[in-house]
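In our numbering, each residue's number is its place in the sequence shown (first place is 1) plus 26.
All C-beta atoms in this analysis are idealised placements derived from N, C-alpha and C, irrespective of residue type, glycine included.
Below is one structure, written out as structure tokens; the observations come after it.
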Amino acid sequence: MDFALTEEQQMFQQAAAEFCKNEVEPVAIKLEAGHEFPMELTQKMAELGFMGLVIPEQYGGVGADYLAYLLVEGEIAKTSISLSMTLGAQNSLVGLPIMNFATEEQKQQWLPPLASGEKLGAFALTEPGAGSDPAGMRTTAVRKGDKWVLNGTKLYITNGAVAKTLIVWAKTGEKPDGKPLISAFLVDKDVSPFKVGTIEEKMGVHASPTTELIFEDCEIPAENLLGKEGDGFKVALMTLNTGRLSVATQCLGLAQAAYERAKRFATEREQFGQKIAEFQGIGFKLADMITEINAAKGLVWHAVWLKEQFGLSDPRFISMAAQAKLFASEMAERVTSAAIQVHGGYGYMREYRVEEFFRAARLMTIVEGTSEIQRLTISRWEMKA
Ligand SMILES: Cc1cc2nc3c(=O)[nH]c(=O)nc-3n(C[C@H](O)[C@H](O)[C@H](O)COP(=O)(O)OP(=O)(O)OC[C@H]3O[C@@H](n4cnc5c(N)ncnc54)[C@H](O)[C@@H]3O)c2cc1C
């Protein structure tokens, strides 16, 4: 088994680390406190090719392999979880499903502006009454001549306020058994305008706007159907299966950043006349933190390997990606909380940033399938195996 990174993977990781050190770290606290979308930094990520990491060169991207994308995602999450959410939406939630389900003509139209960062992407599945169970969605799309007419409300959409290229799910009818026929649509806000509703006030991840989107008789060209009519569940599930690795990698970044800060603090802070790292109670805490991080990393990398060997639809990959997301997100919550504890009172203060990482980590057991849904997925596949 080879855990060594290729030269290209190392190069992307290094580029992300330098970008974070030089451009993001100096403004990171201000960024979260400002509750504003970091457009300038997003454009810098685009200049470095990060917005089109998973998009092949023929469509304007850099065509990096999936692990290279994850390495960049993880590096950026160490410094700004909000920026990493934007990167994830662009690559994993919008770029990849277009790569996997679009026609050649659609790829040529929709991928280059995403890769260049000219258009930001968003994934609009969740609704007020439909979260873990998207079958409960109420948004409809009705075919009228050469258009689809979209009506409904989407909730909690990452980058919904700034995105121009969206994948939106809607009910387009019913199957013979009465179950909803769900389809996915490519929506260009410049062509098919819609309203941005409430911009949510959240516990953390403040520089990543989470918004309501309102579609009222929103007309979409008929050719913007992504996949076939009724393929919506397939598009969503395949995207989320891979997206789970993206979230798991953000968790690795958050946990690693919290661990490094805790380790540094513990080797500098003195109480009772010695470094607190020398107390077994603190040393063991740090040992548990790094062990958990590496265990999560092992699951993520194993899932990437399964994806490369057997493809996106393979049950071994689906189960392992769910395991990676489940473990990494719960690990990040534990590790960032432990980092606060190692810092004592300092950990509760904004300046030390570990409380920010904890608030961000708390999101990760919820997005792209809650921990309960991951356990459901794992147990279902395991029963079948
Ligand atoms: C900051 C943020 C950003 C987000 N970004 C996006 C985005 O970009 N695009 C998008 O489409 N959505 C996005 N979401 C929505 C997110 O994916 C949903 O919140 C998530 O899927 C859970 O759905 P829900 O909130 O409706 O909770 P519910 O589905 O109502 O779940 C409530 C509770 O019930 C549990 N539960 C539900 N069903 C079961 C079951 N069968 N067995 C056991 N327990 C169950 C859940 O695990 C949870 O604990 C975002 C959410 C947040 C908070």
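By the CB criterion at 8 Å, Ala128 and Leu263 fall outside the cutoff.
In the structure shown, Glu242 adopts extended strand secondary structure according to DSSP, grouped into three states. Spatial neighbours of Ile404 in its own chain (CB-CB distance under 8 Å, excluding positions within 5 residues in sequence) are listed in chain order as Ser345, Ala348, Gln349 and Leu352. Rounded to whole angstroms, Ile107 and Glu226 show a C-alpha spacing of 17 Å.
Judged by DSSP in its simplified three-state form, Leu332 adopts helix. When the alpha-carbon of Lys180 is set against those of Leu402, His232 and Phe241, the nearest one is in Phe241.
In this structure, Gly114 lies near Ser272, with their beta-carbon atoms less than 8 Å apart. When DSSP assignments are scanned along the region 64–146, the uninterrupted stretches of alpha helix (DSSP H) that are 4 or more residues long and fall wholly within it turn out to be 65–73, 92–105, 107–114, 122–127 and 130–141.
Taking the Cα of Pro341 as reference, the smallest distance to any Cα among Gly395, Thr268 and Ile308 is reached at Thr268. Looking at the backbone, the Cα of Thr184 and that of Pro235 are separated by about 6 Å. Val393 carries a coil assignment under DSSP once its states are collapsed to helix, strand and coil. Rounded to the nearest angstrom, the gap between the Cα atoms of Phe336 and Val326 is 15 Å. Of the heavy atoms belonging to ligand 1, at least one sits nearer than 7 Å to the Cβ of Gly395. Residue side-chain check: Lys228 places its Cβ nearer than 7 Å to a non-hydrogen atom of ligand 1. For Ala94 against Leu74, the beta-carbon gap comes to about 13 Å, at or over 8 Å, which does not count as contact. The DSSP-derived three-state label of Pro341 is helix.
Counting only residues of its own chain and dropping the five nearest sequence neighbours on each side, Gln116 has a CB closer than 7 Å to the CB of Met77, Leu140, Leu146 and Gly147. Ligand 1 never approaches Gly258 closely enough for any of its heavy atoms to be under 7 Å from the residue's Cβ. Thr224 has its Cβ no nearer than 7 Å to any heavy atom of ligand 1. Rounded to the nearest angstrom, the gap between the Cα atoms of Thr32 and Val330 is 15 Å. Between the C-alpha atoms of Gln36 and Pro82 there is a straight-line separation of about 19 Å. Exposed is the label assigned to Pro219, since fewer than 16 other Cβ atoms lie within 10 Å of its Cβ. At a Cβ-Cβ threshold of 8 Å, Leu96 and Thr265 do not count as neighbours. Sixteen is the threshold: when 16 or more other Cβ atoms of the shown chains lie within 10 Å of the Cβ of Val98, as they do, the residue is buried. Cβ contact annotation for Gly223 (same chain, cutoff 8 Å, sequence separation greater than five): Thr179, Thr237, Glu238, Leu239 and Ile240, in chain order.
Contact annotation: the region 355–366 touches the region 376–389, with at least three C-beta pairs closer than 8 Å. Judged by beta-carbon spacing, Ser110 lies beyond the 8 Å limit of Gly230, meaning their Cβ atoms are not closer than that value.
If you look at Tyr182, you'll find it isn't in any alpha helix (DSSP H); it sits in the beta strand (DSSP E) that goes Lys173 to Thr184.
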